[in-house]
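>
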Amino acid sequence: MIILDDTPPFSDVCSLCAHITDHSKRRCRAFPNGIPDAIWLGDDAHRAPWPDQGNDIVFERSVNR
């Protein structure tokens, strides 16, 4: 059985960030185990670290995107 996910493969926020490392697995330097839905879906612009994030990395616009 194939289960499809409604989550978009690219994020309007994360796609522009300098810290994204893997779009297909939704990973970045701030969230190496997976970017939270609220950020990926654009509900949170990630301008401040999340309490349980484990580091202080936040959105930084990439100069290459």
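Numbering (UniProt numbering), first residue to last: 1 to 65.
All C-beta atoms in this analysis are idealised placements derived from N, C-alpha and C, irrespective of residue type, glycine included.
In this text the structure is predicted, and so the values were computed from the model without any measurement.
#1: Do residue 47 and residue 58 have their beta-carbon atoms positioned less than 7 angstroms apart in this structure?
#2: Would residue 11 and residue 40 qualify as a contact pair, given that the criterion is a beta-carbon distance under 7 angstroms?
#3: Taking C-alpha atoms, which residue in 60, 44 and 35 lies nearest to residue 54?
#4: Nearest CA to the CA of residue 8: which residue from 60, 18, 56 and 42?
#5: If you drop the 5 nearest sequence neighbours on each side, which residues of the same chain put their C-beta closer than 7 angstroms to that of residue 28?
So, from the data block:
#1: In this structure, residue 47 lies closer than 7 angstroms to residue 58 by Cβ.
#2: Cβ atoms of residue 11 and residue 40: closer than 7 angstroms.
#3: Cα-wise, what sits closest to residue 54 is 35.
#4: Nearest of 60, 18, 56 and 42 to residue 8, Cα basis: 42.
#5: Within its own chain, the residues whose Cβ lies closer than 7 angstroms to the Cβ of residue 28, once the five positions on either side in sequence are excluded, are 14, 17, 19, 20, 21 and 35, listed in chain order.
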